[in-house]
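Taken in order, the sequence shown gives residues 0 to 706; the numbers are from numbering that gives the first Met the number 0.
In this text, a Cβ means the ideal position worked out from N, Cα and C, and glycines have one as well.
Worksheet for the structure shown next.
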Amino acid sequence: MAKDRNENIKYLLEPRAIGIIGASANRWKIGNSVVRNIVTGGYKGKVFPVNPKEREIEGVPVYRSILDVKDDIDAVCITVPAPLVFEAIKQCCERSVKYGLVITSGFSEVGNVKEEREIVDYANSRGMRILGPNIFGIYSSKASLNATFGGGAIARPGNLAIVTQSGALGGAMAAQAGVENIGLSAIVPVGNKSDIDEADLLHYFIDDDHTRALLLYIEGVKDGASLLGALKATAKRKPVIFVKSGRSARGAMAAASHTGSLAGSDEVFEDVIRQCGGLRAENIREAFQWCKFLADNPLPAGDNTVIVTNGGGAGVMATDACEKYDVRLYDDFEVLRAAFSPVIPSFGSTKNPIDLTGQATAEIYTKAFDAAYADENIHSALGIYVESALLNAESLARVVEPNYERFKEAGKPLLFTLIGGAGTASYEDAARKKGFPVTTEVYDSVACLGAVYAYKRFKDSGPEDSIDADIDAQAIENIVAAAKQDRRTSLLSSEAQNIMKIAGVGIPKSLIAMTMEGAVKSAAAIGYPVVMKVVSRDILHKSDAGGIAIDLENREEVIDAYGAILRNCRAHVPNALIEGVEISEMVQPGTEMIVGARIDKTFGPIVMVGHGGIYVEVMKDVSFRALPLTRSDILSMIKQIRSYPLLLGVRGEKMKDIETLVDTILKLGAIVDKCEGISDIEINPLVIYEQGQGARAVDVRIILSRD
Ligand code: COA
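Next comes the structure, spelled out in structure tokens:
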């Protein structure tokens, strides 16, 4: 995040004077609502409505033009129709206004990209920045500023800041926050994100002492690298919760037509946001719950959680949920027995879930919480209540409220799930609105505690320097340049293998033969068994073309395979230029992984790892991280894939060479980062051997960047 871009960002949310170009006396117009909300919202700064014919709007004197205003103005809301916006911005620039808040629609979201760009370029070149266009205005509790055109009241002032790409949803979220009694420090829509984006706003909120948690609703990311940098810094200080739509292909298309931004790959978004400390909620309800809890509660001191329940089944569900959301259940059964056996009936269970049985009364719950509260091995708790005759809905307040308060005081998160009929549901609703962390579904409570732990782990991870691989970028670029001269978009496999050699990635021994005799000689030099592959820039999918033969044991098999490969390839791609046949060592079996790196349209250089082989597309067992990378980033990326246990060794196998895998990922990342000519690299499979035995990059594909 460039400092100069954000030096004055404070004055976007805390303007000392604000103008409204397009103010109106007509209460049915947006230009009136904005003025009225500013005036009735208690804004202390100066207000300058601009309208060509009115004298006074909502009791405030009106100016014919912004040029007539003598005072300095930090921000101006624009509420004139699209064809008048550019002229209004030009006048703002003349008055050295710092921020233009363009409420008007009708720009890139409807294809009017050019004018939007011209407006932003004009403003930026004169030191002014643009929020929007296509926004509903902003709210900032610190400045008592409600410069939105929303009709309903904004939620009470509080600690949650909302940054939203959808204006309508932002308005609805503000209203919903009111219903849920969640206080807001700010709401900022970014609309078409023509200039100011989430990264700029994070730069403001990181230091804003009114904001303890942030909720970002995102449809698509434009400048991923800035977002990740800003997120990493902000998340170290306060939780940042994301709701991102466009998970599905259709959703992504809808997002593109809504705000004109590309959703990008959802899998990449999910992984890189997590890498930088962001928490991704499934929906707005969940996001509010996480924001509220994280803003109001200290983080636990350790990992150990206990479940206290009066229903065995609900306890089992909570146990499943804990596994899903990486909440670690305390399992020192001796300690648990010593702590809980005095308070539960002999037929209950102390084995976490602590099962108080259907006999549990409010007093028994409290005694169990006493034990969890007193035990320093226990750092957080989930209280589950399943409606029972012994503990009616009226008594629930005694279970929930004092226990939550004292646990909070002690720095131990305690969340409740209350399952039952109308009485239970009505208590849950009232308690939630009073600020108690109660839900009606165990998965909701556990997901929230999972977010608490994910955030704690990110915050606890000490500062770690990013690491880089030392590669000879110039030697690689020379190979790329030769291929580009031939107008190729990808490298031949022999060239790709050469690049691996330069980068120090293990490859199978190989030679290229131009004739049958050459093939036989090469095979003898490498040693049987061998693999043979066609070399042709015109044949990208060699196996589909019958251009590969494996496990060739002797001279005769090599002769047969040579003839077959040439015949198959000529039949499959008749005009293909065949540049020879590659003879390579038959790689010994090992654990097959896929490793890749590419320049992502949104996030810049990213790396990928997964379980390799021909079923990669079907298995979809891959994970991603963005550069720059720390060692922990790479290890967490490897641990994230489902097939990670294969690398640890299964069924008596030894541990695999994870060090070499880490090293290879780092090298591929460095190649795409440092060699401008390369946009994508993929090794599939990278065969990994036992620890200390290295790996072999069997098939390497390299795609060149478009000039
Ligand atoms: N300087 C100042 N005021 C001017 C002006 C100028 N150069 N030219 C016109 N005006 C005044 C108009 O006279 C009018 O005031 P009036 O009621 O006294 O006549 C006022 O500005 C508004 O102009 P008008 O032509 O009436 O526009 P409108 O109110 O019908 O629509 C927008 C303007 C911006 C609201 C509309 O174009 C729009 O974009 N609507 C969608 C907004 C939206 O949904 N944003 C995204 C939300 S998520």
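- In this structure the region 557–576 does not touch the region 595–613; the number of beta carbon pairs closer than 8 Å is below three.
- Of the other Cβ atoms in all chains shown, fewer than 16 fall within 10 Å of the Cβ of R705; this residue is therefore exposed.
- Closest in alpha carbon position to V334, among I475, R700, I353, is I353.
- By the C-beta density criterion, S225 is buried, having at least 16 other C-beta atoms within 10 angstroms.
- Within 10 angstroms of the beta-carbon of S165 lie 16 or more other beta-carbons, which makes it buried.
- DSSP places S509 in the uninterrupted beta strand (DSSP E) bounded by 509–512.
- At a Cβ-Cβ threshold of 8 Å, C321 and I475 do not count as neighbours.
- Nearest neighbour of R125 by Cα position, chosen from S678, K89, G149, turns out to be K89.
- V220 has no beta-bridge partner at all, per DSSP.
- Contact between I506 and I478 does not hold, since their C-beta atoms are separated by about 14 Å, which reaches or exceeds 8 Å.
- Straight-line measurement puts the Cα of I343 at about 19 Å from the Cα of F415.
- If you draw a straight line from the Cα of F204 to the Cα of T210, it is about 7 Å long.
- P132 places its beta carbon less than 8 Å from that of V101.
- Unbroken beta strand (DSSP E) runs of no fewer than 3 residues, entirely contained in the region 358–435, are found at 379–385, 413–418, following chain order.
- Between the region 417–434 and the region 624–633 there are fewer than three C-beta pairs closer than 8 Å, too few to call the two in contact.
- Considering only A174, T233, G301, the residue with the shortest C-alpha distance to G277 is T233.
- Distance check between G691 and each of E681, D662, A669, S492 places D662 closest, using alpha-carbon atoms only.
- The criterion of a C-beta distance shorter than 8 Å is satisfied by A367 and L355.
- Setting aside the 5 residues that flank it on each side, L144 is surrounded in the same chain by Y42, each with a C-beta closer than 6 Å to its C-beta; the list follows chain order.
- Boundaries of the beta strand (DSSP E) harbouring H610: 603–610, taken from the DSSP string.
- Residue environment for V109: exposed (fewer than 16 other C-beta atoms within 10 angstroms of its C-beta).
- Distances from the alpha-carbon of P528 to those of K508, N158, Y384, D70 put K508 closest.
- In the same chain as I582, and ignoring 5 residues on each side of it, the C-beta atoms closer than 8 Å to its own belong to S509, L510, I511, A512, A518, S521, A522, I525, V529, V530, M531, V557, in chain order.
- Counting C-beta pairs with one atom in each stretch, the region 288–304 and the region 652–662 have fewer than three that are closer than 8 Å, which means they do not touch.
- Unbroken beta strand (DSSP E) runs of no fewer than 3 residues, entirely contained in the region 80–146, are found at 98–101, 128–130, 136–139, following chain order.
- Here I20 is bridged, per DSSP, to V49, I77.
- At least one heavy atom of the ligand COA falls within 7 Å of the beta-carbon of F135.
- Between the region 306–313 and the region 233–246 there are fewer than three inter-stretch CB-CB distances shorter than 8 Å, so the stretches are not counted as touching.
- For F148 and V34, the gap between their C-alpha atoms comes out near 8 Å.
- Exclusion of A74 from the 7 Å shell around the ligand COA follows from its C-beta lying no nearer than that to any non-hydrogen atom of the ligand.
- In this chain, D599 is not harboured by any alpha helix (DSSP H); it is covered by the beta strand (DSSP E) spanning 590–599.
- Minimum Cα-Cα distance from Y138 among the listed residues D270, V189, I56 corresponds to V189.
- With a cutoff of 7 Å, E218 does not count as near the ligand COA, since its C-beta is closer than that to no heavy atom of the ligand.
- When R128, G157, I195 are compared, the shortest CA-CA separation from S140 is found for G157.
- According to the DSSP assignment, P644 belongs to the alpha helix (DSSP H) that extends over 643–647.
- Annotation for E581: no alpha helix (DSSP H) segment contains it, though the beta strand (DSSP E) segment containing it runs 579–584.
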